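The sequence shown runs contiguously to residue 618 in my numbering. Shown next, in structure tokens, is the structure this report addresses.
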Amino acid sequence: MTDSAPRRVRVRAPELIGKGGWLNTGEHQYTLADLRGRIVVLDFWTFCCVNCLHVLDELRELEEKHRDTVVVVGVHSPKFVHEAEHQAVVDAVERYGVEHPVLDDPELATWKQYAVRAWPTLVVIDPEGYVVAQHAGEGHVHAIERLVTELEAEHAAKGTLRRGDGPYVPPEPEPTVLRFPGKVLALPNGNLLVSDTTRHQLVELGADGETVVRRIGSGTRGFADGGATSAGFNEPQGLALLDEGTVVVADTVNHALRRLDLATGEVTTLAGTGKQWWQGSPTSGPAGEIDLSSPWDVALFGGRVWMAMAGVHQLWTYDPAEGTVAVAAGTTNEGLVDGPGAEAWFAQPSGLAATEDRLWLADSETSALRWVDRDGVVHTAVGTGLFDFGHRDGAADQALFQHPLGVTALPDGSVAVSDTYNHALRRYDPATGEVTTLATDLREPSDAVLVGGDLVVVESARHRLTRLRLPEEALRVDPVAHRTRRAATEVAPGRLRLDVIFQAPPGQKLDERYGPSTRLLVSSTPPELLVEGEGAGTDLGRTLTLDPGITEGVLHVSAMAASCDDTASGSGSAAGTNEYPACHVHQQDWGVPIRVTGSGADRLPLVLAGMDAE
Numbered sequence: 005m006t007d008s009a010p011r012r013v014r015v016r017a018p019e020l021i022g023k024g025g026w027l028n029t030g031e032h033q034y035t036l037a038d039l040r041g042r043i044v045v046l047d048f049w050t051f052c053c054v055n056c057l058h059v060l061d062e063l064r065e066l067e068e069k070h071r072d073t074v075v076v077v078g079v080h081s082p083k084f085v086h087e088a089e090h091q092a093v094v095d096a097v098e099r100y101g102v103e104h105p106v107l108d109d110p111e112l113a114t115w116k117q118y119a120v121r122a123w124p125t126l127v128v129i130d131p132e133g134y135v136v137a138q139h140a141g142e143g144h145v146h147a148i149e150r151l152v153t154e155l156e157a158e159h160a161a162k163g164t165l166r167r168g169d170g171p172y173v174p175p176e177p178e179p180t181v182l183r184f185p186g187k188v189l190a191l192p193n194g195n196l197l198v199s200d201t202t203r204h205q206l207v208e209l210g211a212d213g214e215t216v217v218r219r220i221g222s223g224t225r226g227f228a229d230g231g232a233t234s235a236g237f238n239e240p241q242g243l244a245l246l247d248e249g250t251v252v253v254a255d256t257v258n259h260a261l262r263r264l265d266l267a268t269g270e271v272t273t274l275a276g277t278g279k280q281w282w283q284g285s286p287t288s289g290p291a292g293e294i295d296l297s298s299p300w301d302v303a304l305f306g307g308r309v310w311m312a313m314a315g316v317h318q319l320w321t322y323d324p325a326e327g328t329v330a331v332a333a334g335t336t337n338e339g340l341v342d343g344p345g346a347e348a349w350f351a352q353p354s355g356l357a358a359t360e361d362r363l364w365l366a367d368s369e370t371s372a373l374r375w376v377d378r379d380g381v382v383h384t385a386v387g388t389g390l391f392d393f394g395h396r397d398g399a400a401d402q403a404l405f406q407h408p409l410g411v412t413a414l415p416d417g418s419v420a421v422s423d424t425y426n427h428a429l430r431r432y433d434p435a436t437g438e439v440t441t442l443a444t445d446l447r448e449p450s451d452a453v454l455v456g457g458d459l460v461v462v463e464s465a466r467h468r469l470t471r472l473r474l475p476e477e478a479l480r481v482d483p484v485a486h487r488t489r490r491a492a493t494e495v496a497p498g499r500l501r502l503d504v505i506f507q508a509p510p511g512q513k514l515d516e517r518y519g520p521s522t523r524l525l526v527s528s529t530p531p532e533l534l535v536e537g538e539g540a541g542t543d544l545g546r547t548l549t550l551d552p553g554i555t556e557g558v559l560h561v562s563a564m565a566a567s568c569d570d571t572a573s574g575s576g577s578a579a580g581t582n583e584y585p586a587c588h589v590h591q592q593d594w595g596v597p598i599r600v601t602g603s604g605a606d607r608l609p610l611v612l613a614g615m616d617a618e
């Protein structure tokens with residue numbers, strides 16, 4: 005490194021503290037001093053967040069490639085009340101195959117120490133204990149891997165790099181028939197098909213919901229077509245009958261739609277490439293050539309297979325006759341906005357159920373029950389937005405859910421909602437506009453199917469199916485309302501400067517070949533909070549004007565920046581010779597609770613990507 009090279013600002017990393025303690029360490033409680041000499045990557049995540057789950061998968065290759073120098077530490081920072089329960093975090097770590105230490109931080113102590121504002125956020129700490137990079141959102145692991153390589157060389161030369169085995173200690177496997185099952189489907193032969201998500205299989209059970217008839221899939225992460233024992237799935241979820249002999253499977257982490265032949269057990273791929281969809285990728289075309297993003301559930305409606313595309317907050321469709329896919333509703337912006345499909349906003353749609361004239365959906369991050377009509381217009385039955393949730397029965401405009409993942413259409417026109425984080429089964433009746441509770445004390449119910457006069461419920465965190473008789477009268481429960489746990493940011497009244505900080509990673513430059521490389525979208529809850537500054541633009545900085553009569557609210561900020569490899573700044577014989585440099589999209593959505601006070605700040609900085617601060 006020459007004297008003219010930029011130097012990183014050396015900021016000492018705050019200590020890692022969390023009331024819930026450490027997981028995946030054999031009960032050892034670590035400090036940063038214990039990790040000195042290793043490159044530490046902190047992953048601030050919460051298990052409700054599909055973007056966080058994407059980052060977990062992105063990190064797997066980095067962990068494997070740099071196993072003797074890098075220690076990834078997940079800092080679990082809850083949004084929902086249920087996510088602050090220690091056992092729920094323990095379950096999530098196993099459910100999603102997290103193979104690194106996790107600090108359970110239910111009170112957001114470490115989140116606050118590192119000034120984190122969004123899920124997910126990645127922070128890199130060098131072997132001497134200094135913060136050297138921070139990124140919000142997904143898609144940054146390629147830049148972090150490059151930084152890790154530089155840090156390995158730098159600290160090996162200084163003698164400050166310590167190689168060896170990491171602190172990860174795997175938990176003991178549990179011998180249950182199912183392991184965190186996701187969705188269930190009643191088959192024409194009377195049996196039940198279950199997505200055994202954590203074991204990467206489908207399991208056909210007898211009509212009793214307990215006897216194993218057969219397993220489909222190799223049981224290890226993979227993306228391969230083939231017979232029942234060789235086909236590969238990766239955390240499959242949603243299931244739907246395409247016809248009497250065919251099941252469509254939402255193969256979530258493979259970002260694919262798969263086909264199961266019930267007669268032979270053969271698995272083939274209907275849609276998706278195995279790669280995750282990114283902004284700028286095609287959104288329609290031949291199904292096998294278009295990338296998808298974490299399809300969570302599927303349902304047949306209007307002759308097409310609808311996909312709850314949780315990873316990009318949209319609904320997509322697959323046309324079996326044409327073999328094509330297309331976006332049906334949603335803009336990719338995260339939130340709750342009704343209207344024509346092209347204008348609607350969703351937030352991790354995760355459950356679907358079709359009737360003759362409606363497609364019902366569980367919109368998990370807004371804790372909402374919504375539906376799409378035959379004209380493609382989106383409506384909301386229950387739910388108000390990203391930050392209000394709880395367990396409250398009554399009129400639909402007052403009722404509350406907490407992160408529901410499943411929805412089931414009932415014969416009388418009402419809907420059963422698998423109210424996952426409330427551990428309850430709820431019912432919404434469109435005729436009366438009322439929400440009632442059918443059952444409680446279910447452990448993370450994620451789906452249900454009607455069998456005769458019973459509902460068979462997937463109790464995901466109890467690893468079983470539970471049969472419930474639909475009661476004539478709903479149970480009464482005490483109403484509880486919540487808001488998101490994050491502390492509000494105090495801002496000054498009047499004008500507020502919003503700056504999204506983006507610095508292209510080393511070796512990259514802003515991609516301005518086809519116009520502006522950045523985009524910023526700003527809105528608020530309530531909408532009246534913003535007098536000026538709402539809407540879309542290409543500048544990552546904007547001056548907002550707040551209504552002086554509103555003292556609390558939420559700013560919704562969505563930012564995107566596109567960068568490409570800067571071949572001119574490369575090194576070696578290949579420098580400057582690549583005609584088609586790799587391009588990268590950096591995107592993040594923030595929901596920032598604010599409180600207007602006289603002593604508040606007049607500037608709100610949000611870090612999209614900040615590397616090598618100078």
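Ideal placement from N, C-alpha and C gives every residue a C-beta, glycine not left out. Note that the coordinates shown come from a computational prediction; the quantities given were computed from them, not determined experimentally.
Identity of the residue in the options nearest residue i by Cα
| i | options | result |
| --- | --- | --- |
| Leu107 | Ala96, Ile129, Val77 | Val77 |
| Trp349 | Ala330, Glu369, Ala357 | Glu369 |
| Arg225 | Tyr172, Ala605, Glu239, Ala122 | Glu239 |
| Gly355 | Glu89, Asp416, Ser450 | Ser450 |
| Gly170 | Leu264, Thr73, Arg99, Lys116 | Thr73 |
| Leu112 | Arg546, Leu533, Gly24 | Gly24 |
| Ala88 | Tyr425, Asp458, Ser521 | Tyr425 |
| Gly186 | Trp281, Gly221, Pro82, Val207 | Val207 |
| Arg396 | Glu438, Gly101, Asp458 | Glu438 |
| Arg42 | Cys53, His32, Arg71, Ser562 | Arg71 |
| Asn55 | Val411, Asn337, Asp401 | Asn337 |
| Thr256 | Ser298, Arg167, Thr35, Asp109 | Ser298 |
| Asp569 | Pro509, Asp503, Thr542 | Pro509 |
| Asp38 | Asp61, Val75, His58 | Val75 |
| Gln507 | Leu544, Arg471, Leu500 | Leu544 |
| Leu264 | Thr444, Arg40, Asp593, Ser234 | Ser234 |
| Arg40 | Gly380, Arg16, Asp379 | Arg16 |
| Leu296 | Pro324, Thr384, Ala400, Arg262 | Arg262 |
| Ala452 | Leu319, Gly557, Ala413, Asp229 | Ala413 |
| Asp361 | Asp392, Gly417, Ala351 | Gly417 |
Own chain, CB closer than 6 Å to residue i, minus 5 neighbours either side, in chain order
| i | result |
| --- | --- |
| Val611 | Gln138, Ala140, Ile505 |
| Pro552 | Pro497 |
| Leu46 | Val77, Val79, Val127 |
| Leu191 | Leu197 |
| Arg480 | Bear in mind that the predicted position of Arg480 carries a pLDDT of just 46, short of 50, making it unreliable; the figure below should be weighed with that in mind. If we look at Arg480 and ignore the five residues flanking it on each side, it has no Cβ neighbours. |
| Thr601 | Glu494 |
| Asp423 | Phe405, Pro408, Arg430 |
| Val302 | Gly242, Ala244, Val252, Ala254, Val309, Met311 |
Bridge-paired residues (DSSP) for residue i
| i | result |
| --- | --- |
| Tyr322 | Val309, Val329 |
| Val600 | Val495 |
| Leu27 | Val106 |
| Pro449 | Glu463 |
| Thr549 | Arg499, Glu536 |
| Gln205 | Asp200 |
| Trp241 | Per the sequence shown, the amino acid found at residue 241 is Gln instead of Trp. According to DSSP, which records beta bridges pairwise, Gln241 is partnered with nothing at all. |
| Gln512 | Asp569 |
| Val611 | Ile505 |
| Asp593 | Ser562 |
| Gln280 | Leu296 |
Same chain, Cβ closer than 7 Å to residue i, neighbours up to 5 away in sequence not counted
| i | result |
| --- | --- |
| Val382 | Ala333, Asp342, Gly343, Gly345, Ala348, Arg374, Val376 |
| Pro290 | Gly327, Thr328 |
| Ile21 | Ala113, Thr114 |
| Gln117 | Pro18 |
| Val94 | Leu27 |
| Ala96 | Phe51 |
Interface flag, residue i vs chain B, CB-CB below 7 Å
| i | result |
| --- | --- |
| Gly389 | Of the protein chains in the structure, only one exists, and it is not chain B. |
Proximal residues to residue i (C-beta, below 8 Å), its chain only, five neighbours per side dropped
| i | result |
| --- | --- |
| Arg150 | Pro509, Pro510, Gly511 |
| Ile148 | Val45, Leu66, Leu126, Val128, Ala137, His139 |
| Val4 | Because the chain is modelled from 5 through 618, residue 4 falls outside the range shown and cannot be assessed. |
Beta strand (DSSP E) runs contained entirely in the stretch 352-427, provided each spans 3 or more residues: 353-358, 362-367, 372-377, 381-386, 392-395, 410-413, 419-423
At least three beta-carbon pairs within less than 8 Å, the stretch 157-169 to the stretch 523-542: no
Segments assigned beta strand (DSSP E), at least 3 residues, entirely inside the stretch 53-91: Within the stretch 53-91, the complete beta strand (DSSP E) runs of at least 3 residues are 74-80.
Segments of 4+ residues assigned as alpha helix (DSSP H) that fall wholly inside the stretch 104-184: 113-117, 145-162
Sufficient close CB pairs (3 or more, under 8 Å) joining the stretch 57-69 to the stretch 358-372: no
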